[in-house]
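Residues 5 to 347 in the working numbering are what the sequence shown lists, from first letter to last.
I have placed the structure first, in the form of structure tokens, so that the comments after it can refer back to it.
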Amino acid sequence: MESRVNKGWSMITRSRWQIKQVDWVEELRAAYTDPQLLLAALNLTADDVDLATNSGGFPFRVPRPFVSRMRRADPHDPLLLQVLPRADEMVEVPGYALDPVGDLDCRRSPALLQKYSGRALLLLTGGCAIYCRYCFRRHFPYAQATGSANIERAIEDVRSDRTISEIILSGGDPLMLDDDTLANIIEQFAAIGHLRRLRIHTRLPVTVPARFTDALVTTLSRTRLDSVVVLHVNHPNEIDDELTTTLRRCARAGIHLLNQSVLLRGINDNADILAKLSESLFAASVLPYYVHLFDPVAGAAHFDVSEPAARAIAAALRARLPGYLVPRFVREVPGENAKMPIA
Ligand SMILES: *Cc1c(COP(=O)(O)O)cnc(C)c1O
Ligand code: SF4
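Following this line, the structure appears as structure tokens:
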């Protein structure tokens, strides 16, 4: 009895005085930006993982909360493989392009993309908290697209087009902007009468849960627009208790949470992993939305999964999960009016 009381006290003491709340900006500053240092922290060497000799012009950054979910001394860790520049990146493969989904052809203005009816996508920044080696925008010329003048122009474009009812904040990662800047942009969109929904495509809270600050959650829950946050989680190991607690708090505040994944060879290309991912997402108040078939972007062909293999995984998931936990398997086909289901 006495020891339990003592334990209770020490926990209270620890939470009050010893755990310093690290904010998300500090987390970004402390992120790994050198693959060699990350490997050393994981008890691995460059030879263990076939490290690329350079990053091919695409930055390297991995926040520590994400690293804490990696297994030590495992060169095949599914989180590590998503971020590690491997020698395969230097291999040129025909058919793998700089702009695999035709983003450049669908610009309404430098920062505003529209491919589909009723929704437009705003590129707020090219920066990300984590750089995923398979990113389909890894070669996107963000410097020409971002910046406040382009954002203002995009807001004007949305204001003058009554057919747009949903604005999607994307990038890069839109949550790289600070809370005040985001609140200001969201306020301007909320003032546009024909908009109904605000959607944010982000991976930042997955890698740094502290990014869901009270201020951000308040902004998203108080705006007149219905708020949807689409996360990007590929593997169940990315979800730990801290992230689950954070996401449940957002859901309680009235923010709709969805997830999209990319089907990645050697990382999540099997039904066991994706079933577990769906279960873990749901336990964190997140519904699985899309599994994207790999967009053939140059430098990342080693992640591609064949369409027959993807179809088999989708069928296996359907056979074992309730329908609402089965994400839609889609491929983006340039020129189509929606993401295309692979049936
Ligand atoms: C993928 C994408 C969307 C979102 O499509 P949904 O099917 O609504 O999730 C919107 N705009 C662009 C430009 C996209 O690439
Ligand atoms: S977080 Fe998203 S935009 Fe940034 S590198 Fe990863 S996939 Fe690309």
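The C-beta atom is built at its ideal place from N, Cα and C for all residues, glycine as well.
In this text the structure is predicted, and so the values were computed from the model without any measurement.
Worksheet item: Quick one: what does DSSP say phenylalanine 333 is sitting in, helix, strand or coil?
Response: Strand.
Worksheet item: If we ignore side chains and look at the alpha-carbon of each, how far apart do asparagine 241 and aspartate 177 end up?
Response: Approximately 21 Å, taken between the alpha carbons.
Item to complete: Enumerate in chain order the residues of its own chain whose CB-to-CB distance from tryptophan 28 is below 6 Å, with the five nearest sequence positions on each side excluded.
Response: Correct list, in chain order: Val212, Ala214 and Arg215.
Worksheet item: Does the separation of the CB atoms of isoleucine 204 and leucine 173 fall below 7 Å?
Response: Yes. Within cutoff.
Discussion item. Short of 7 Å in beta carbon distance, which residues of its chain neighbour cysteine 110, apart from the five on each side in sequence? Order them along the chain.
Written reply: Cβ within range, chain order: Leu117, Gln118 and Lys119.
Worksheet item: Got a list of residues with beta-carbon closer than 6 Å to any non-hydrogen atom of ligand 2, in chain order?
Response: Taken from the N-terminal end onward, the list reads Cys132, Ile134, Tyr135, Cys136, Cys139, Arg141, Gly175, Gly176, Asp177, Arg207 and His236.
Worksheet item: Just how far apart, CA to CA, sit asparagine 238 and arginine 163?
Response: Distance between asparagine 238 and arginine 163, taken at the CA atoms: about 35 Å.
Worksheet item: Nearest CA to the CA of isoleucine 155: which residue from Cys139, Ile190 and Ser169?
Response: The residue with the shortest Cα to Cα distance from isoleucine 155 is Ile190.
Worksheet item: With a Cβ-Cβ cutoff of 7 Å, do proline 300 and asparagine 263 count as a contact?
Response: Judged by their CB atoms, proline 300 and asparagine 263 are not nearer to each other than the 7 Å cut-off.
Discussion item. Once the 5 residues before and after threonine 227 are set aside, which same chain residues still bring their CB inside 7 Å of it?
Written reply: Taken in chain order, the residues that qualify are Ile190, Ala194 and Leu202.
Worksheet item: DSSP on valine 9, reduced to helix/strand/coil?
Response: Note that valine 9 scores a pLDDT of 38, beneath 50, so its modelled location is shaky; the value from the coordinates is reported in the next line. Three-state result, valine 9: helix.
Item to complete: Could you tell me how far apart the beta carbons of alanine 302 and histidine 143 are, in whole angstroms, since I believe they sit closer than 8 Å?
Response: Their Cβ separation, rounded to whole angstroms, is 7 Å, which keeps alanine 302 and histidine 143 in contact under 8 Å.
Worksheet item: Beta-carbon of aspartate 299 versus every beta-carbon of chain D: anything under 7 Å?
Response: Chain labels in this structure do not include chain D; a single protein chain is all it has.
Discussion item. I'd like to check one pair, leucine 267 with alanine 314: are the Cβ atoms closer than 7 Å?
Written reply: The answer is yes: Cβ separation under 7 Å.
Discussion item. With a threshold of 8 Å, are at least 3 pairs of Cβ atoms found where one atom belongs to the segment 87-99 and the other to the segment 55-68?
Written reply: The segment 87-99 is in contact with the segment 55-68.
Worksheet entry | Closest by C-alpha distance to aspartate 218, when choosing among Phe140, Leu251, Asp245 and Arg76 | For aspartate 218, the closest C-alpha among the options Phe140, Leu251, Asp245 and Arg76 is that of Leu251.
Item to complete: Could you spell out where the alpha helix (DSSP H) holding isoleucine 155 opens and where it closes?
Response: Per DSSP, isoleucine 155 is one residue of the alpha helix (DSSP H) stretching across 152-163.
Worksheet item: Excluding sequence positions up to five away, which residues of its chain have a Cβ less than 7 Å from the Cβ of leucine 83?
Response: For leucine 83, the CB contacts under 7 Å within the same chain, skipping 5 residues up- and downstream, are Phe70, Arg73, Met74, His239, Asn241 and Glu242 in chain order.
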